[in-house]
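The number in the working numbering is simply the position in the sequence shown, starting from 1, with 8 added.
Glycine is no exception: its CB is placed at the ideal position from the N, C-alpha and C atoms.
What you are looking at is a predicted structure, and each value in this text was computed from that prediction instead of being measured.
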Amino acid sequence: MYLWSTPPEHQGGGLASLETAVDQRRWWKEILFILGFYLVYAQIRNQFGSNGLFATSTTTAADNARRIINLEKKIGLFFEEQLQSFFIDWGWFLWFWNVFYGSLHFVVTIGTGIFLFRKFPARFLRYRTGLAITTALAMVGFATFPLMPPRLLSTPPPYGGSMTDFAFVDTLAVHGGLWSFDSGTLQALSNQWAAMPSLHLAWAAWCALALIPILKSPWTRLIMWAYPVATSFGIVVTANHYWVDGLAGLIVLIMGMECARWISRMRFS
Numbered sequence: 009m010y011l012w013s014t015p016p017e018h019q020g021g022g023l024a025s026l027e028t029a030v031d032q033r034r035w036w037k038e039i040l041f042i043l044g045f046y047l048v049y050a051q052i053r054n055q056f057g058s059n060g061l062f063a064t065s066t067t068t069a070a071d072n073a074r075r076i077i078n079l080e081k082k083i084g085l086f087f088e089e090q091l092q093s094f095f096i097d098w099g100w101f102l103w104f105w106n107v108f109y110g111s112l113h114f115v116v117t118i119g120t121g122i123f124l125f126r127k128f129p130a131r132f133l134r135y136r137t138g139l140a141i142t143t144a145l146a147m148v149g150f151a152t153f154p155l156m157p158p159r160l161l162s163t164p165p166p167y168g169g170s171m172t173d174f175a176f177v178d179t180l181a182v183h184g185g186l187w188s189f190d191s192g193t194l195q196a197l198s199n200q201w202a203a204m205p206s207l208h209l210a211w212a213a214w215c216a217l218a219l220i221p222i223l224k225s226p227w228t229r230l231i232m233w234a235y236p237v238a239t240s241f242g243i244v245v246t247a248n249h250y251w252v253d254g255l256a257g258l259i260v261l262i263m264g265m266e267c268a269r270w271i272s273r274m275r276f277s
């Protein structure tokens, strides 16, 4: 499969033109592109769901949550509530996962990008494009399928569904982390129902795909294998996502990377 195949930048043919094209890029142009893209992404993302010009109703987000839960129950894989309840009294454990969820999503992704840019510039170009397309595709899900995350199901409106038949807990509100998104200002600025797909898992898997084939140490490769697995656990135990959200995140990542491969072939063929 392409995603785990030998990287094109490690193969012969057309390498010189590809490396030259990347080397001629100035680092500040990449920073401007990435920052600009993220600002546009955040602005569009927050115009849908719980806030913004195209905000939807709480009922719609809650109904979509029930659809996901009913789907998981139908296939016998609705386990998120039971998993969280097992760990709910482990204060420091859940504090760690709150920090993991809120921090590594950006830290590891940015670190991966910097490493690729400095050491494997050709690979950076392709993976940067793939990540951008993946993120853009995720916005389609945020816009068309507003989804109330598990942590909001039992909380009151305007962002919660007041569903007393669920016992999910917002672990950040209970056990804390490095920062909180519970303030009215942040809630009013951010789309609280941008859960489908999970970009946390998509970005974590992107980091693994980008680094595992080029890392030399077995230990670093093992860490990168473990990172998306840990992220899968983290998004569920903190009640920020259903596992189906994570699966959807992997699907948009595959689509994004395949598009990036096509663009790379068209550009440098």
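For my contact list, E80 and V252 are in at a C-beta cut-off of 8 angstroms; report their separation, rounded to the angstrom.
As a first step, residue 80 is located in the sequence shown; it is residue number 72 there, counting from the start. As a first step, residue 252 is located in the sequence shown; it is residue number 244 there, counting from the start. At roughly 6 angstroms, the Cβ-Cβ gap stays under 8 angstroms, so E80 and V252 are in contact.
Classify R273 as buried or exposed, calling it buried when 16 or more other Cβ atoms lie within 10 Å of its own Cβ.
One-based indexing of the sequence shown puts residue 273 at position 265. It counts as exposed.
Quick check on the burial criterion: 16 or more other C-beta atoms within 10 angstroms. Buried or exposed for D173?
Here the question's residue 173 lines up with position 165 in the sequence shown. The residue in question, D173, is exposed, as its Cβ has fewer than 16 Cβ neighbours within 10 Å.
Below 7 angstroms CB to CB, which residues in the same chain sit around A29 once its five sequence neighbours on both sides are set aside?
Along the sequence shown, one-based indexing puts residue 29 at 21. The pLDDT assigned to A29 is 49, lower than 50, so where the model puts this residue is not dependable, and the model offers no usable value.
Give the single residue among R136, I39, L186, G121 whose Cα lies nearest to the Cα of S111.
Along the sequence shown, one-based indexing puts residue 111 at 103. Of R136, I39, L186, G121, the residue nearest in Cα terms is L186.
Once the 5 residues before and after Q32 are set aside, which same chain residues still bring their CB inside 6 angstroms of it?
Taking the sequence shown and counting its residues from 1, one reaches residue 32 at position 24. In this prediction, Q32 scores a pLDDT of 46, lower than 50, which makes its location untrustworthy; the coordinate-derived value is nonetheless stated afterwards. Same-chain partners within the cutoff: there are none.
For A63, the three-state DSSP class (helix, strand or coil)
Start at 1 with the first residue of the sequence shown, and residue 63 comes out as number 55. Strand, per DSSP.
Opposing strand residues paired with F56 [DSSP bridges]:
Along the sequence shown, read from residue 1 onward, the residue named residue 56 stands at position 48. Note: F56 sits in a beta bridge opposite F62.
Can you tell me whether S170 is buried or exposed? The criterion is at least 16 other CB atoms within 10 Å of its CB, across all chains shown.
In the sequence shown, residue 170 corresponds to position 162, counting from 1. Exposed, since its Cβ has fewer than 16 Cβ neighbours within 10 Å.
Going by DSSP in three states, H249 sits in which element: helix, strand or coil?
Taking the first residue of the sequence shown as position 1, residue 249 is located at position 241. Coil at H249, not helix or strand.
Does DSSP put T288 in a helix, a strand or coil?
Limits of the chain in this structure are 9 at one end and 277 at the other, which puts residue 288 out of reach.
Comparing alpha-carbon positions, which option in L160, A146, N199, P164 lies nearest H208?
For the purposes of this step, residue 208 is taken as the residue at position 200 of the sequence shown. Residue A146 is the option with its Cα nearest to H208.
Hey, out of R126, G121, V115, whose CA is closest to R136's CA?
Here residue 136 is taken as the residue at index 128 of the sequence shown, counted from 1. R136 has its Cα closest to that of G121, out of R126, G121, V115.
Beta-carbon spacing of G149, P205 below 8 angstroms:
As a working mapping, residue 149 is identified with position 141 in the sequence shown. As a working mapping, residue 205 is identified with position 197 in the sequence shown. Against a cut-off of 8 angstroms, the Cβ pair of P205 and G149 comes out as a contact.
Work out the CA separation of K127 and A238 for me, nearest whole Å.
For the purposes of this step, residue 238 is taken as residue 230 along the sequence shown, with counting starting at 1. For the purposes of this step, residue 127 is taken as residue 119 along the sequence shown, with counting starting at 1. Near 26 angstroms, if we compare the C-alpha coordinates of K127 and A238.
For the alpha helix (DSSP H) that contains Y135, what are its first and last residues?
As a position in the sequence shown, residue 135 is number 127, starting the count at 1. Run containing Y135: 129 to 152, per the alpha helix (DSSP H) assignment.
Is it the case that the segment 60 to 74 contacts the segment 218 to 233, given that we only count it when at least three CB pairs across the two stretches are under 8 angstroms?
no
Need the endpoints of the alpha helix (DSSP H) that W211 sits in, please.
Taking the first residue of the sequence shown as 1, we reach residue 211 at position 203. Looking at the DSSP string, the run of the alpha helix (DSSP H) that includes W211 is 207 to 219.
Among F241, A130, A202, I222, which has the Cα closest to the Cα of R275?
Translated into positions along the sequence shown, residue 275 becomes position 267. The shortest Cα separation from R275 among F241, A130, A202, I222 belongs to A130.
For T172, which of helix, strand or coil comes out of DSSP?
Here the question's residue 172 lines up with position 164 in the sequence shown. Of the three classes helix, strand and coil, the one that applies to T172 here is coil, per DSSP.
Measuring only the C-alpha atoms, how far is L261 from W98?
To locate residue 261, count along the sequence shown from 1; it is residue 253. To locate residue 98, count along the sequence shown from 1; it is residue 90. So the two alpha carbons sit approximately 33 angstroms from each other.
Distance between Q200 and H249 (C-alpha atoms, nearest Å):
By 1-based counting over the sequence shown, the position of residue 249 is 241. By 1-based counting over the sequence shown, the position of residue 200 is 192. Cα to Cα, the separation comes out at about 12 angstroms.
Mapping DSSP to helix, strand and coil, what is I262?
By 1-based counting over the sequence shown, the position of residue 262 is 254. Helix.
Would you tell me roughly how many angstroms separate the C-alpha atoms of T152 and W36, rounded to the nearest one?
Counted from its first residue, the sequence shown places residue 152 at position 144. Counted from its first residue, the sequence shown places residue 36 at position 28. If I take the Cα positions, the gap works out to 34 angstroms.
Exposure of F62, with buried meaning 16 or more beta-carbon neighbours within 10 Å
As a first step, residue 62 must be located in the sequence shown, where it is residue number 54. So F62 counts as exposed.
Just the C-alpha distance for H183 and S240, rounded to the nearest angstrom, thanks.
For this step, residue 183 is matched to residue 175 along the sequence shown. For this step, residue 240 is matched to residue 232 along the sequence shown. Going from the Cα of H183 to the Cα of S240 covers about 20 angstroms.
Are the CB atoms of G257 and F108 within a distance shorter than 8 angstroms?
Within the sequence shown, the letter at position 100 stands for residue 108. Within the sequence shown, the letter at position 249 stands for residue 257. Contact flag unset, no.
Just to confirm before moving on: does the CB-CB distance between T142 and G264 stay below 8 angstroms?
The residue given as residue 142 occupies position 134 in the sequence shown. The residue given as residue 264 occupies position 256 in the sequence shown. Yes; because the gap between Cβ atoms is below 8 angstroms, this pair is in contact.
Straight-line gap, P221 to L43 (C-alpha atoms, nearest Å)
For the purposes of this step, residue 221 is taken as the residue at position 213 of the sequence shown. For the purposes of this step, residue 43 is taken as the residue at position 35 of the sequence shown. Cα to Cα, the separation comes out at about 27 angstroms.
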